[in-house]
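Asker: I am attaching a structure below and will ask some questions about it afterwards.
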Amino acid sequence: MSEIYSTGFAPDPGSARDVLAFVLCPAEAFAPGGDAGEMEAVREVMGPVKAEAIRRWQQAHSVASRS
689 MSEIYSTGFA PDPGSARDVL AFVLCPAEAF APGGDAGEME AVREVMGPVK AEAIRRWQQA
749 HSVASRS
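Take 689 as the starting number for the sequence shown in the numbering used here and just add one per residue.
Have a look at this one:
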């Protein structure tokens, strides 16, 4: 998957806490002071990124539980 958005924070896919913090992070954290249109655009872009973070955590958790 190509990179959609880049920040200094990369949640550890094996850490439920990291992934949960990232997924629950509001759009305003990514575009402080943005107007309604910008917030909607951020939500639209971040939705698939957050879903991918959850998918990676589930995959890491599944692999870890098999070990």
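Positions of the beta carbon are idealized from the N, C-alpha and C atoms, including for glycine.
Closer than 6 Å by C-beta to residue 736: which residues in its own chain qualify, once you throw out the five before and the five after it? Chain order, please.
Answerer: Within the sequence shown, residue 736 is the residue found at index 48, counting from 1. Result list for residue 736: empty, nothing under 6 Å.
Asker: Cutting at 6 Å between CB atoms, please list the residues of its own chain near residue 727, excluding the five before and the five after it.
Answerer: Taking the sequence shown and counting its residues from 1, the one referred to as residue 727 is at position 39. Same-chain partners within the cutoff: 715.
Asker: Within the same chain, show all residues whose beta-carbon is closer than 6 Å to that of residue 748, passing over the 5 residues directly before and after it, in chain order.
Answerer: For the purposes of this step, residue 748 is taken as the residue at position 60 of the sequence shown. Hits under 6 Å: 701, 702.
Asker: Can you tell me whether residue 699 is buried or exposed? The criterion is at least 16 other CB atoms within 10 Å of its CB, across all chains shown.
Answerer: Taking the first residue of the sequence shown as position 1, residue 699 is located at position 11. Result: buried.
Asker: In this structure, how does DSSP classify residue 715 when only helix, strand and coil are distinguished?
Answerer: The sequence position of residue 715 within the sequence shown is 27, counting from 1. Residue state, collapsed to three classes: helix.
Asker: Does DSSP put residue 755 in a helix, a strand or coil?
Answerer: Start at 1 with the first residue of the sequence shown, and residue 755 comes out as number 67. Reduced to three states, the DSSP call for residue 755 is coil.
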